[in-house]
Amino acid sequence: MKESQIKTLYIDPGSPWQNGYIESFHSRFRDECLNREWLLNLREVRVVIEDWRQYYDIERPHSRLGYLSPEGFIANQNVSL
101 MKESQIKTLY IDPGSPWQNG YIESFHSRFR DECLNREWLL NLREVRVVIE
151 DWRQYYDIER PHSRLGYLSP EGFIANQNVS L
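Residue numbering for the sequence shown follows this note's numbering, beginning at 101 and increasing consecutively.
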């Protein structure tokens, strides 16, 4: 990570407010992906998580983007991928 100039931040145990952004993501990931169905093996877990990741990164509305999907937000910015 040093090569990419990425700094590591340490969060005190029992202090989720120090990392609210990722705590919020974990909550959504758990509620919208993991808790929706029984996953019986690692292959199934990988497929379900990848499907959800694609949905989250492309189609799912995000409050930070004015409740637009990332794809819709980019389209409104007239920016091409």
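We put the beta carbon where it would ideally sit given N, CA and C, even for glycine. Note that the coordinates shown come from a computational prediction; the quantities given were computed from them, not determined experimentally.
A direct Cα-to-Cα measurement between Leu165 and Leu140 gives close to 35 Å. The straight-line gap separating the alpha-carbon atoms of Glu171 and Glu159 is approximately 6 Å. DSSP places Gln154 in the uninterrupted alpha helix (DSSP H) bounded by 142-154. Judged by beta-carbon spacing, Glu132 lies within the 8 Å limit of Trp152, meaning their Cβ atoms are closer than that value.
Phe125 and Arg146 have their C-alpha atoms some 18 Å from each other.
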